[in-house]
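Here my numbering runs 5 ahead of the position in the sequence shown, where the first position is 1.
No residue lacks a Cβ here, since even glycine has one placed at the ideal position from N, Cα and C.
Take a look at the structure set out below.
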Amino acid sequence: MIDIWTARALMPAFRLRQFLLCCMLAACQGSANVPTRPSFEHYDSRHPISYGVQLPMGRAPFAFAVANSEELTNYLLRDSSGPFMPGPAASSTLQELWGFEEDSINEQDETILKADWQADSFWGAESARVFVPRTDDFLPAHAAPLRIQAFLDAFREASSACWQRLVQALSVLEKEASDAEESELHDSVRVFRRCLLDKAQFAGVEAQIWQGGDLTMDSHTDGATALLHLGVTLGGARTLRVSHFRERHSQYKPQESRRRGKRSGDEISVWNPEAYDKEELWDIEQTKGCFYLTSPFCFEHGVKYEKHESSPTFALQCRFVFANLSAAKLVNGQRTNAMREVANVIAHSLAESINGCELQLPTVQEVRAAAAQISVANQLRKARSSYTQRHFRAKKWKSSQVGRSAWGAGAVSAVVMLGMWHFSKLGTRFGFPSRSAARAKMPW
């Protein structure tokens, strides 16, 4: 007898999708008082578009949006099956279950625990290989904890108008590049447009845990996966320092190109007091419940962790997931005018979405509904897998029976042929003519 999970698992994909969406809508509509979604706002409302690092045709533009919801981070943090519950977590457990490893993050070789997770939509596999910018390669990634996956699914849905706006703008740029036969720009735009259509934005998650004292990470810019980047602080405290300029062609402060005893690139480090004027730096405090959305690919930045007495600092960095290595290699690490054009479209589309209140965090109720949806999908997936395995074993058993029957018939034929051969040999030995000799004597 087929149970309900197996029955649902055997549905066509489009009907299964409709069934799961109905489950989600029913869960959302079960509450009489639906709370308002928290909206993102410009960090600097006077200047919705800022400019970062120098690229061939000017500085890279970016928007910077912030939001706050401690209720939401409390829900994400208090996942009994996840790694962020309060209490001493053994490093071996964090590594085995969630893939956390120590990562050296500055010149003093101080380390922070990091893990790479994939949080694709619930149609994705339980584990996958994702492109990790810091290694410039695809690495195995654990599936993100259930509530993190649900939050990112719900966030993509809550801000769907923003992503639609961005896809349309990228489509226009892609067509313009095609008409102008600019293959590099066309191919680069296509990578990010496909990511958005596949709902792969924020599906690559870097989880970070810091349990020590004060820590300053090196100043840097991110890879191309961070052209659309969601930062979440689940607990503790940290400060994000961002360099920014008002104009596309703003100049750096005059200074020596190299300072004795400092590494290459220190002249634009956000920790170098000689590199920027005071108004060219933001120190953005990130405490529990803080969210930001921006493009760290476009600007020099660094993070300072502070010792927090009540809890370790838990943070999530959510970025694009590239579909394949060729797409990743095409855009990651590129600082070309093509990438500046992509950044320009993303920055202005985000700014317009923020102005129109299209960029929103989901409510806790919506995340709960998404978690229920993922749980249902996982059960259906397991039921389908179990049914497929049983079906495969049954077919294999039938094939083996047919094979045995065929083998039996073949064996009988072989015995008969062998017997006939022996009989012919025996007949020849006792004076009976062989079959070939008998045929030779026949008149026809």
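Identified DSSP bridge partners for residue i
{"i": "A375", "result": "Answer by DSSP bridge pairing: none, since A375 is not bridged."}
{"i": "Q123", "result": "A148, G209"}
{"i": "W450", "result": "This structure cannot speak to residue 450, because the chain is shown only from 6 to 449."}
{"i": "N73", "result": "C295"}
{"i": "T341", "result": "Partner(s): none; T341 has no beta bridge."}
{"i": "I117", "result": "D108"}
{"i": "P278", "result": "None; P278 has no bridge partner."}
{"i": "H225", "result": "H306"}
{"i": "G240", "result": "F319"}
{"i": "Q59", "result": "R64"}
{"i": "F136", "result": "F143"}
{"i": "L235", "result": "L298, C323"}
When the options are compared against residue i, the one with the closest alpha-carbon
{"i": "A124", "options": "Q370, R340, W103", "result": "W103"}
{"i": "L366", "options": "A388, R139, G294", "result": "G294"}
{"i": "A139", "options": "Q322, L355, I351, M344", "result": "One point to set straight first is that residue 139 is Arg, not Ala, in the sequence displayed. Nearest of Q322, L355, I351, M344 to R139, Cα basis: Q322."}
{"i": "M222", "options": "F327, T230, T244, L190", "result": "T244"}
{"i": "F105", "options": "L77, I273, A148, E76", "result": "A148"}
{"i": "M62", "options": "R345, D141, F156, P88", "result": "R345"}
{"i": "L118", "options": "R324, A348, V372, T318", "result": "T318"}
{"i": "L298", "options": "A205, E305, T116, H234", "result": "H234"}
{"i": "L60", "options": "V381, A382, T116, V347", "result": "V347"}
{"i": "L232", "options": "S183, A146, V326", "result": "V326"}
{"i": "S358", "options": "F156, S164, N79", "result": "S164"}
{"i": "S316", "options": "G236, G240, D141, N79", "result": "G240"}
{"i": "D192", "options": "S331, E371, D203", "result": "S331"}
{"i": "V372", "options": "F45, E75, Q339, L81", "result": "L81"}
{"i": "Q206", "options": "E75, E162, E285", "result": "E162"}
{"i": "I153", "options": "K387, A374, Q384, A388", "result": "A374"}
{"i": "A166", "options": "H225, K204, Q100", "result": "K204"}
{"i": "E187", "options": "L99, L385, T341, R199", "result": "T341"}
Simplified DSSP assignment, three categories, for residue i
{"i": "D288", "result": "strand"}
{"i": "K180", "result": "helix"}
{"i": "E101", "result": "helix"}
{"i": "W426", "result": "With a pLDDT of 46 at W426, under the threshold of 50, the modelled position of this residue cannot be trusted; read the value that follows with caution. In the structure shown, W426 sits in a helix (DSSP, three-state: H, G or I)."}
{"i": "C323", "result": "strand"}
{"i": "Q384", "result": "helix"}
{"i": "R198", "result": "helix"}
{"i": "R170", "result": "helix"}
{"i": "Y48", "result": "coil"}
{"i": "H353", "result": "helix"}
{"i": "D141", "result": "coil"}
{"i": "R42", "result": "coil"}
{"i": "Q365", "result": "strand"}
{"i": "R251", "result": "coil"}
{"i": "A348", "result": "helix"}
{"i": "A332", "result": "helix"}
{"i": "A155", "result": "helix"}
{"i": "F89", "result": "coil"}
{"i": "E186", "result": "coil"}
{"i": "L5", "result": "Missing from the structure shown is residue 5; the chain here goes from 6 to 449 and no further."}
{"i": "L175", "result": "helix"}
{"i": "D246", "result": "Before going on, a small fix: residue 246 reads as Arg here, not Asp. Of the three classes helix, strand and coil, the one that applies to R246 here is strand, per DSSP."}
Sequence-distant residues of the same chain with beta carbon closer than 6 Å to residue i, five excluded per side
{"i": "D227", "result": "P301, F302"}
{"i": "A320", "result": "Q213, T238"}
{"i": "I289", "result": "L245"}
{"i": "F160", "result": "P367"}
{"i": "R324", "result": "G209, T230, A231, H234"}
{"i": "H254", "result": "G63"}
{"i": "T78", "result": "L239, K293, G294"}
{"i": "Y257", "result": "none"}
Integer-rounded CB distance, given that residue j should sit under 8 Å from residue i
{"i": "Y48", "j": "W215", "result": "Their Cβ separation, rounded to whole angstroms, is 23 Å, which puts Y48 and W215 out of contact at 8 Å."}
{"i": "A65", "j": "V71", "result": "So it is not a contact: roughly 20 Å between Cβ atoms."}
{"i": "S50", "j": "F250", "result": "With a Cβ gap of about 17 Å, S50 and F250 do not count as contacting."}
{"i": "V350", "j": "L178", "result": "5 Å"}
{"i": "W276", "j": "G307", "result": "6 Å"}
{"i": "L364", "j": "F156", "result": "With a Cβ gap of about 15 Å, L364 and F156 do not count as contacting."}
{"i": "E76", "j": "V369", "result": "6 Å"}
Own chain partners of residue i with C-beta closer than 7 Å, once the 5 adjacent residues on each side are dropped
{"i": "N360", "result": "none"}
{"i": "D108", "result": "T116, I117, K119"}
{"i": "L171", "result": "L201, I351, S354"}
{"i": "L190", "result": "A182, A343, E346"}
{"i": "D121", "result": "G104, V135, V137, L144, A146, E211"}
{"i": "V194", "result": "L175, L178, E179, A182, V347"}
{"i": "E285", "result": "S248, H249, F250"}
Close-in-space but distant-in-sequence residues of the same chain around residue i (CB under 8 Å, 5 per side omitted)
{"i": "G424", "result": "Its pLDDT being 48, under 50, G424 is placed unreliably by the model, and the measurement read from it follows with that caveat. The answer is none, since no qualifying residue turns up."}
{"i": "N73", "result": "P43, G294, C295, F296"}
{"i": "A356", "result": "H47, P53, I54, A68"}
{"i": "R134", "result": "F143, L144, P145, A146"}
{"i": "L151", "result": "D84, S86, G87, A376, I379, S380"}
{"i": "D219", "result": "K309, Y310, E311, K312"}
Residue i CB to nearest heavy atom of the ligand SAH below 7 Å
{"i": "S86", "result": "Within the structure as shown, the ligand SAH is missing, as the structure has no ligands at all."}
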